[in-house]
Amino acid sequence: MPENTLVPLYQQIKEDIKSAIERGKYKPQEQIPTEPELSAEYSVSRVTVRRAVEELCSEGYLVKMQGRGTFVSTPRIHRKMTGGNRMESFSKTCRDYGMRPGARLLDKKIVPVRDDEKAFWNCDGDALLLYIQRVRTADGQPIFLENLFLPYDGYKSLMAADWNDTSAFAAIAAVRGRRVVDTSRRTIEIARASAEQAQVLNVPLGEPLLFLNCYFVDQDGDPLCIGRQYYVGSRYMFEM
């Protein structure tokens with residue numbers, strides 16, 4: 000490739016690979032050449048190639064799969080927030096994009112209630128919650144880390160449920176007929192991926208994540224569950 004002395008080499012390589020993705024030379028979910036192959040193709044060091052690839056990963060064009068290589072990302076998912084505080088379900092959003100929604104259970108246990116949770120459910124300090132942690136995927140790619148809290152009284156049967164590749168909202172509705180339809184409050188802020196989050200989401204340590212804290216209510220406006228989710232911003236966005 001012709002060298003532009005005003006632009007760093009890694010930046011030139013990054014733009015060339017990005018252009019190849021946008022032209023369709025590398026298609027979604029297709030593996031790109033390895034670092035040694037790219038290094039030979041561009042006649043540069045592997046360090047230079049690695050920096051270009053890492054920036055493309057940070058911007059959502061590429062994703063590194065542990066032990067498998069680097070692949071072109073699927074298009075970023077847009078999740079609509081409709082009417083008031085309502086949101087489309089993740090499963091519906093995936094299907095609208097022609098993608099297969101998935102879920103992998105990481106943890107399931109009973110935990111004590113905390114102050115903001117006591118206020119939401121108007122319960123005593125000795126109340127217990129059912130805590131479910133999963134990683135949600137689209138066509139197998141990690142999209143967000145899901146932390147779901149429910150009152151243990153009334154939903155204890157969900158301790159025995161299979162939480163892999165299922166809709167959380169559908170599982171909740173099946174127990175008592177209460178459906179998640181809205182939120183009483185929600186906040187979105189930026190967080191940095193911890194070591195644990197980076198591992199399960201397949202992102203670098205410290206990667207910016209979108210932290211969504213939602214207090215979900217049912218069809219009657221009564222408090223139902225709390226969701227605290229960490230989204231990979233390069234793979235997901237909210238549409239207001």
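Going left to right, the sequence shown walks through residues 0 to 239 as numbering that gives the first Met the number 0 numbers them. All residues carry an ideal CB built from backbone N, CA and C; glycine is no exception. Since the structure is predicted, the reported quantities are computational estimates derived from the model, not experimental observations.
Between the CA atoms of residue j and residue i - distance to the nearest angstrom
i: Asp69; j: Leu211; result: Position check: residue 69 holds Thr in this sequence, whereas Asp was assumed. Approximately 28 Å between the Cα atoms of the pair.
i: Leu5; j: Lys13; result: 15 Å
i: Glu36; j: Lys117; result: 56 Å
i: Met158; j: Asp15; result: 50 Å
i: Ile142; j: Asp219; result: 30 Å
i: Glu21; j: Gln11; result: 15 Å
i: Glu206; j: Thr73; result: 18 Å
i: Tyr230; j: Ser38; result: 32 Å
i: Glu29; j: Met64; result: 12 Å
i: Cys93; j: Gly59; result: 17 Å
i: Ser233; j: Asn201; result: 12 Å
i: Asn121; j: Thr47; result: 56 Å
i: Ile31; j: Ala160; result: 39 Å
Bridge partners - residue i, DSSP secondary structure assignment
i: Leu251; result: Outside the displayed range of the chain (0 to 239) lies residue 251, so it cannot be described from this structure.
i: Pro222; result: Val216
i: Gln228; result: Glu145 and Leu211
i: Met158; result: Met158 pairs with nothing; no bridge assigned.
i: Lys63; result: Thr69
i: Gln30; result: Phe70
i: Tyr9; result: Paired residues: none, contrary to the question.
Any non-hydrogen atom of the ligand SAM closer than 6 Å to residue i Cβ
i: Ala173; result: Within the structure as shown, the ligand SAM is missing, as the structure has no ligands at all.
Beta carbon of residue i nearer than 7 Å to that of residue j
i: Tyr130; j: Val110; result: yes
i: Phe168; j: Arg135; result: no
i: Leu208; j: Ala190; result: yes
i: Arg45; j: Glu34; result: yes
i: Asp217; j: Arg178; result: yes
i: Pro289; j: Val62; result: Residue 289 falls outside the range modelled here, since the chain spans only 0 to 239, and no answer is possible.
The beta strand (DSSP E) enclosing residue i, as first and last residue numbers
i: Ala137; result: Leu127 to Ala137
i: Ile109; result: Pro100 to Pro111
i: Cys213; result: Pro207 to Val216
i: Ala190; result: Asp181 to Arg191
i: Ile142; result: Gln140 to Pro150
Sequence-distant residues of the same chain with beta carbon closer than 6 Å to residue i, five excluded per side
i: Val43; result: Leu8
i: Phe119; result: Tyr214 and Pro222
i: Arg99; result: Asp138
i: Leu149; result: Leu129 and Cys224
i: Gln228; result: Phe143, Glu145 and Leu211
Own chain partners of residue i with C-beta closer than 7 Å, once the 5 adjacent residues on each side are dropped
i: Trp162; result: Ala102, Leu104, Lys107, Ile131 and Arg133
i: Leu147; result: Ile131, Ala167, Cys224 and Gly226
i: Glu188; result: Phe210
i: Cys56; result: Val62 and Lys63
i: Thr186; result: Asn212
Span of the alpha helix (DSSP H) around residue i
i: Cys93; result: Phe89 to Asp95
i: Leu241; result: As shown, the chain starts at 0 and ends at 239. That puts residue 241 outside it, with no answer to give.
i: Val174; result: Ala167 to Arg175
i: Asp115; result: Asp114 to Trp120
Nonlocal neighbours in the same chain, by C-beta distance under 8 Å from residue i, ignoring five residues either side
i: Ala19; result: Tyr25
i: Tyr154; result: Leu129, Ile171, Val174 and Arg175
i: Thr165; result: Ala102
i: Pro203; result: Glu53, Cys56, Ser57, Ala192 and Ala197
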